[in-house]
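Notes for the one structure printed next.
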Amino acid sequence: MSGLAKWVMKKRLNAIIGVMVFGLIPMMFWLAAAILGLVVLRKGVKEGIPVLAWGCLPALVLWTLQGDATALMVLIDVMLLSYLLRVTTSWSWVLLVGSFLAVISTLLQPLLMADVLNLAVTLVQKVLSNEGAEIPDRNLIFNQAVMAISIFQVVIAILSLFLARKWQAGLYNPGGLRTEFHQLRLPVVFSLVLGGMILIGESLGGSFSILSQAAIPALILPGLALVHGVLAKKEIGIVGLIAFYLVGFFVLNVYFANILVALCVIDSFVDIRSRIRDKASNSSDS
Numbered sequence: 014m015s016g017l018a019k020w021v022m023k024k025r026l027n028a029i030i031g032v033m034v035f036g037l038i039p040m041m042f043w044l045a046a047a048i049l050g051l052v053v054l055r056k057g058v059k060e061g062i063p064v065l066a067w068g069c070l071p072a073l074v075l076w077t078l079q080g081d082a083t084a085l086m087v088l089i090d091v092m093l094l095s096y097l098l099r100v101t102t103s104w105s106w107v108l109l110v111g112s113f114l115a116v117i118s119t120l121l122q123p124l125l126m127a128d129v130l131n132l133a134v135t136l137v138q139k140v141l142s143n144e145g146a147e148i149p150d151r152n153l154i155f156n157q158a159v160m161a162i163s164i165f166q167v168v169i170a171i172l173s174l175f176l177a178r179k180w181q182a183g184l185y186n187p188g189g190l191r192t193e194f195h196q197l198r199l200p201v202v203f204s205l206v207l208g209g210m211i212l213i214g215e216s217l218g219g220s221f222s223i224l225s226q227a228a229i230p231a232l233i234l235p236g237l238a239l240v241h242g243v244l245a246k247k248e249i250g251i252v253g254l255i256a257f258y259l260v261g262f263f264v265l266n267v268y269f270a271n272i273l274v275a276l277c278v279i280d281s282f283v284d285i286r287s288r289i290r291d292k293a294s295n296s297s298d299s
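Going by the working numbering, the letters in the sequence shown line up with residues 14 to 299, in that order.
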């Protein structure tokens, strides 16, 4: 991967070729988006626009032939979010704006991907029918599919941006992404906004539920960053991380996400990492 990043950064033509090639390969559009993100992060929007324009061509072809605009939407989201990260150098802004993009995307999906969404609804109804389960209203399934795809696209865009940032750090600032991730903490205002979205979405339900669904990933990631940061300060290492994820997925199960959201909100108010002394400091005091 680092070799690909180094090759892409040599000249614009390489970046254009990379974006177009990976954009044409099925299920590899996320790598094309990461290349675009790297270009914007390192060289700015002016250099990224031609790469985006050429990268949109295979995405438009796939949209025309298959009715799936996911690759196109992810490229556009990465363009916006990578510019935002370049300007603000804040992952908190990326997560907040990403939540808003997911909400906006729900308004566009029925226009861009109507055939794919209708096919998904038909498949869900067929599966439920074969299982003998009660089949919900078609509009309800349709709306759920719209929300799921919208959130999926933004999550993929943010993960692609993380990969782009990792490449950038590896080439120009070794260890930079690790430090950024360990220090990721939402400002109080951001936590209140995202918490308000969850409250409104859960209270009103229906089409408003996209607010809560879009906010949850933006709160989970800082919760994970908090745990990673604390373990790093205590120099617990990979064994601690493995134990954390095993307990989270297999013991806490459905409560895992809720606990991470709670940790994120609490950390916004009290800054847990600043209250925990690292292992080196403790050793020097003893």
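Every residue, glycine too, gets a C-beta built ideally from N, C-alpha and C.
Residue i - containing alpha helix (DSSP H), residue span
i: N131; result: A127 to E144
i: V202; result: V201 to L217
i: R178; result: R151 to Y185
i: I148; result: Counting along the chain, I148 falls outside any alpha helix (DSSP H), and DSSP gives it neither H nor E.
i: Y258; result: I251 to V260
i: S281; result: F269 to V283
i: G242; result: S222 to K246
i: F263; result: Counting along the chain, F263 falls outside any alpha helix (DSSP H), and DSSP gives it neither H nor E.
i: L189; result: Per the sequence shown, the amino acid found at residue 189 is Gly instead of Leu. Here the alpha helix (DSSP H) through G189 covers G189 to H195.
Alpha-carbon spacing of residue i relative to residue j, whole angstroms
i: A158; j: E248; result: 42 Å
i: G261; j: Q79; result: 38 Å
i: K23; j: I169; result: 26 Å
i: L190; j: A182; result: 6 Å
i: S142; j: T135; result: 10 Å
i: R288; j: E144; result: 52 Å
i: L125; j: D81; result: 8 Å
i: V107; j: V91; result: 10 Å
i: I89; j: L217; result: 30 Å
i: R55; j: F175; result: 14 Å
i: I241; j: L199; result: Note that residue 241 corresponds to His in the displayed sequence, not to Ile. Roughly 15 Å between the two C-alpha positions.
i: V252; j: W76; result: 44 Å
i: V34; j: R286; result: 43 Å
Where residue i falls, given that 16 or more other Cβ within 10 Å makes a residue buried
i: L26; result: exposed
i: R151; result: exposed
i: P230; result: buried
i: P235; result: buried
i: V243; result: buried
Close Cβ partners of residue i (< 7 Å) along its chain, the five nearest in sequence each way excluded
i: Y96; result: V53 and V58
i: G36; result: F42, A45, G68, P71, A72 and A84
i: T119; result: V159, M160, S163 and I223
i: F155; result: L130 and V134
i: V201; result: S281 and F282
Own chain, CB closer than 8 Å to residue i, minus 5 neighbours either side, in chain order
i: E147; result: L141
i: S204; result: L232, C277, V278, S281 and F282
i: F269; result: G261 and F262
Contacts around residue i, its chain only, beta-carbon distance under 6 Å, and the 5 residues preceding and following it disregarded
i: I29; result: V64 and W67
i: I211; result: S225 and A228
Which complete alpha helix (DSSP H) runs does the stretch 20-91 hold, if anything under 4 residues is left out?
Listed in chain order, the alpha helix (DSSP H) elements of length 4 or more contained wholly in the stretch 20-91 are 25-37, 42-56 and 58-79.
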